[in-house]
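Everything below concerns the one structure shown next.
Protein chains: 2
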Amino acid sequence: MRISVDQFFLDRQSGIGLQAQLREKIAEAILSRRFTPGQRLPSSRRLADHLGIARITASLVYQDLVADGYLNAAARSGYFVAPDAPGLLASGKDIPANKDETVDWNNWIKPRVGTMRLMQKPKDWRAYPYPFIYGELDSDLFPHDVWRDCARRAWGKREFDQVAGDFRNSDDSRLIDYIRSHSLPSRGIVVGPEQVLVTMGAQNGLWLAIQLLAAARPGLRVVIEDPGYPDLREALKLAGCQIIPVPVDDQGLPPDLIPEDVDLVCVSPSHQAPTGATLPMARRRRLLQLAEERDFLILEDDYDFEMSFLRPTKPALMGEARNGRVIHVGSFSKSLFPGLRLGYMAASARFIEEARCIRTLVIRHPPGSTQRTTAHFLALGHYNAHVQRLRQTYRKRRGVMIEALGTARIDSLGASEFGGAAFWVEGPKGLDATQLAVDLREEGVLIEPGEVFFASEDAPKNYFRMAYSSIPSERIAEGVARVARHLGA
Amino acid sequence: MRISVDQFFLDRQSGIGLQAQLREKIAEAILSRRFTPGQRLPSSRRLADHLGIARITASLVYQDLVADGYLNAAARSGYFVAPDAPGLLASGKDIPANKDETVDWNNWIKPRVGTMRLMQKPKDWRAYPYPFIYGELDSDLFPHDVWRDCARRAWGKREFDQVAGDFRNSDDSRLIDYIRSHSLPSRGIVVGPEQVLVTMGAQNGLWLAIQLLAAARPGLRVVIEDPGYPDLREALKLAGCQIIPVPVDDQGLPPDLIPEDVDLVCVSPSHQAPTGATLPMARRRRLLQLAEERDFLILEDDYDFEMSFLRPTKPALMGEARNGRVIHVGSFSKSLFPGLRLGYMAASARFIEEARCIRTLVIRHPPGSTQRTTAHFLALGHYNAHVQRLRQTYRKRRGVMIEALGTARIDSLGASEFGGAAFWVEGPKGLDATQLAVDLREEGVLIEPGEVFFASEDAPKNYFRMAYSSIPSERIAEGVARVARHLGA
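These protein sequences, in sequence, are chains C and Z. If you read the first sequence in our numbering, its first letter stands for residue 1, the second for the next number, and so on. If you read the second sequence in our numbering, its first letter stands for residue 490, the second for the next number, and so on.
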């Protein structure tokens, strides 16, 4: 039985090479049993004519699939689907999902879905013309070619063995070198290699630190900023910590509001999340002094630290502390892109050693390829150049935002003295910013309602965040105007 | 002040392009402040002469570094290190590490380092001529070019936005499609998209499952195979589970030895880790029946399932179970390479939903790039072709191993009926295999001592594992002979 040429088609607009496309289509048809073992394929000439491609292209695909065991070639009679094509060892049976379940999951799981309060953003946010959202890649600002080149180097045969290996107890040495010699020193931190751990973004660093401490002190008493980073708060809840929210003002966390008997203080001193406030020197010193006097530790989320373009940034808290009490967490996910999932933790060697141990059981280690690709990007100087460009763009956008917000008479609070990537806005009393976000979405505008940042479930509803990290300058004025119209209504 | 050309050198053997190398060297020198702001660089002509490269190459590097802000160009007088080169905003101070620490970490951390019993292998295992070790890439068997091509596609500008995004609540749809339509069906499992979660390798899947169950039932009573997979045992300990080791025989876990009152049974039915035994059908049915009768769950580690080359593999336990009691964990890390860190979990939709929730707080999601690269590799049919090739090679190596072990009169136990990648060996009573491994290492032979696989700390010391997944056939006989000489001694 011959497979008709009508079964074949190519998409010339797809950007994928015709040869690769054809191979994929045939392999896919065999694997899904649309083409069955023993069936004869059209001759390469007929197929090429039908698809309007060179005959050699069709031939090469066939030969390639023969080499890989999908097709058999019979002299003079053509190509046939192999009876033992890879992946055809067992065929799937149609098992109806979820039908005969006898498990009462309420006995087995403490539900978090539905109780966790996290930020939401539409997956298709790029389809909206006015996306005032934070933490996503602005694709136009990213040096794609250079990144791809670094990835190509990382996957090169020379480095493959190292990138592909199971390096449970160690991280990519080039990445660690760079973090130690550049990333951390630029934050005023100098540490030995035994004091750094590569993590799956900042979230993973925060989580590992919490997990480690909560295991030794069940019911760990933890101060968080209010409003603060929701995913940190939820991670603390998951670990069974006792959460003590302390209200932040326009200078960030006031150390003297920290109660007497706490174990851990979580703080984002560079740019407080979400207000953007930068912790002044006096508060930093006071915080470090209290940590020493009262024997607590500090978990520093060096949030958004690269985006200091108005003035040179202040060094990180850990840079000021000699006493080992600060656990420092940083990330490349924000300045590069969030899907990279790469960050680092710096702390006392003893702490890092134990965190590495837990990391091994949870994920082993961040993938070798993302570590090595990033290491190349950093070492070649592309990262700093990219961050410089981001800063220039953000500085400009920030100017446009300030003007637009002024025109629209929208007041922003706690603006960072160093820059940042967002404004925290207090709307009029009585505003429901969550509803506002829903309404604005209809008009192509995305804002981030502030409710989720507050620790209490009956949080004030009139705050929201407007980031300028993913919206082009020329769209800002109109986007802000649309927000203002809704606020005025 | 001019920088001398003597400061510049290139490595023509490094395999890295001269232009990229030169850029890296200059950027690195600026970032490390070896070249300081204001210093003048050699003219491109002098530099090119010195290095023996084309003048255009030197010029291009200089222009590139000007564009990125590392150098300034002054008309007619040349290139200078920019005073505001990226990354020079703050310089590192030399903070002596660990000196003034005031934290007594014993009050803060429950130490695991030193108490955890995990497998060890030398980082430079490739330098040993006879590596009978498991779970690493055999670089000669891997289709590097094809993989690199898939990575190039994944990083292409067309797909970049998706690969780079923060897709917290979802996984790469192409990867999920493939796992659902091919990977799982080939194991007899058909599930909906809401029943699959992408994980950071099998370890991460096991860990998420344990974490979820242990949070709801503190002191979860868990049966493990003895000997069994050490990293699972340690993850259970970390989660505070009560561990009940059940001895395995040459047919794997005997269900009737499972005590009455347990919550979870962890099992590796395809190829028991480390013995390689395959659980017979009767035991599988009995295990599922007991789970139903006594209301326990089963955590299935579908360990080494691809390596069934002697006979078609048995379907996974989850494929037999309609009652939702089996949580299935699989991995691409073994068949591709461990540094990839990619696997999946399949289970009841309710369970997956909650596991995804925890994953969000721990790592957010596995990196978009590894998911998409793997999805391309799978969809193009390269994965199945690669596994086929591995199977052929392993079949051959297994034959050579059997002959060599026979000649050497080394008995292996519990060999899998389907294949696998290793032999589990019982040495003579009185043997200390841990010491044997140390002695053999001196002679270029790596074996895996068995002690660490046993739950009890005073485990039998006379077992070891010899894998053939990373040693070429022609080295096997001599390697086994060296082991035999030591056993005889």
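From the three backbone atoms N, C-alpha and C, an ideal C-beta is built for every residue, glycine too.
Same chain, Cβ closer than 6 Å to residue i, neighbours up to 5 away in sequence not counted
i, result
"Glu478 of chain C", "none"
"Pro449 of chain C", "Ala433, Thr434, Ala437 and Phe464"
"Leu511 of chain Z", "Val550"
"Val326 of chain C", "Ile298, Glu300, Leu317 and Met318"
Beta-carbon contacts of residue i that lie in its chain and below 8 Å, excluding the five residues immediately before and after
i, result
"Glu225 of chain C", "Pro245, Val246, Val248, Gly252, Leu253, Cys266, Val267, Ser268, Gln272 and Ala273"
"Asp140 of chain C", "Pro472"
"Tyr551 of chain Z", "Leu530, Ser533, Leu560, Ala562 and Tyr568"
"Ser566 of chain Z", "Arg529"
"Asp928 of chain Z", "His975"
"Lys396 of chain C", "Ser473"
Close-in-space but distant-in-sequence residues of the same chain around residue i (CB under 7 Å, 5 per side omitted)
i, result
"Pro143 of chain C", "His382 and His386"
"Asp720 of chain Z", "Leu607 and Gln692"
"Ser959 of chain Z", "Pro620, Ile622, Glu625 and Asp627"
"Ala82 of chain C", "Pro37, Gly69, Tyr70, Leu71 and Asn72"
"Gln180 of chain C", "Checking the displayed sequence, the identity of residue 180 of chain C turns out to be Arg instead of Gln. Correct list, in chain order: Val191, Pro193 and Val196."
Contact under 9 Å by Cβ, residue i with residue j
i, j, result
"Ile598 of chain Z", "Leu212 of chain C", "yes"
"Met796 of chain Z", "Leu879 of chain Z", "yes"
"Asp739 of chain Z", "Arg783 of chain Z", "no"
"Ile56 of chain C", "Leu18 of chain C", "no"
"Arg534 of chain Z", "Ala151 of chain C", "no"
"Leu520 of chain Z", "His182 of chain C", "yes"
"Leu776 of chain Z", "Leu806 of chain Z", "yes"
"Arg601 of chain Z", "Leu725 of chain Z", "no"
"Leu175 of chain C", "Ile358 of chain C", "no"
Proximity winner among the options, relative to residue i (alpha-carbon distances)
i, options, result
"Asn169 of chain C", "C:Ala422, C:Ala27, C:Ile363 and C:Tyr468", "C:Ile363"
"Ala911 of chain Z", "Z:Tyr623, Z:Ser566 and Z:Ile665", "Z:Tyr623"
"Asp500 of chain Z", "Z:Arg491, Z:Arg722, Z:Glu513 and Z:Gln552", "Z:Glu513"
"Phe337 of chain C", "C:Ala321, C:Glu320 and C:Asp138", "C:Asp138"
"Ala864 of chain Z", "C:Glu28, C:Pro218, C:Gln242 and C:Leu378", "C:Glu28"
"Gly916 of chain Z", "Z:Asp613, Z:Val815, Z:Met834 and Z:Asp900", "Z:Asp900"
"Asp432 of chain C", "C:Glu443, C:Ser469, C:Asp100 and C:Leu487", "C:Leu487"
"Leu378 of chain C", "C:Val146, C:Ala85, C:Thr115 and C:Phe454", "C:Val146"
"Gly558 of chain Z", "Z:Phe569, Z:Gly919, Z:Ser548 and Z:Phe497", "Z:Phe569"
"Arg311 of chain C", "Z:Ala780, Z:Asp573, Z:Arg676 and Z:Pro600", "Z:Asp573"
"Glu940 of chain Z", "Z:Gly813, Z:Arg637 and Z:Trp913", "Z:Trp913"
"Tyr957 of chain Z", "Z:Arg845, Z:Trp594, Z:Pro600 and Z:Gly908", "Z:Gly908"
"Trp155 of chain C", "Z:Ser858, Z:Arg971 and Z:Glu946", "Z:Ser858"
"Glu443 of chain C", "C:Gly240, C:Arg485 and C:Phe309", "C:Arg485"
"Asp458 of chain C", "C:Arg475, C:Pro227 and C:Gln388", "C:Pro227"
"Ala509 of chain Z", "Z:Ser548, Z:Val972 and Z:Phe524", "Z:Ser548"
"Leu894 of chain Z", "Z:Glu648, Z:Arg971 and Z:Ile665", "Z:Arg971"
Environment of residue i [buried if 16+ CB atoms lie within 10 Å]
i, result
"Thr688 of chain Z", "buried"
"Asn384 of chain C", "buried"
"Met401 of chain C", "buried"
"Met281 of chain C", "exposed"
"Gln289 of chain C", "exposed"
"Thr278 of chain C", "buried"
"Leu746 of chain Z", "exposed"
"Gly819 of chain Z", "buried"
"Lys918 of chain Z", "exposed"
"Ala836 of chain Z", "buried"
"Ala67 of chain C", "exposed"
"Ser759 of chain Z", "buried"
"Leu461 of chain C", "One detail in the question is off: residue 461 of chain C reads as Lys in this sequence, not Leu. Counting Cβ neighbours within 10 Å, Lys461 of chain C comes out buried, since at least 16 surround it."
"Ile3 of chain C", "buried"
Residue i - partner residues in DSSP beta bridges
i, result
"Phe569 of chain Z", "Z:Arg529 and Z:Asn561"
"Gln242 of chain C", "C:Arg221"
"Thr688 of chain Z", "Z:Gly832"
"Cys755 of chain Z", "Z:Leu788"
"Arg491 of chain Z", "Z:Arg529"
"Ser797 of chain Z", "Z:Gly908"
"Leu446 of chain C", "C:Pro131"
"Val326 of chain C", "C:Ile298"
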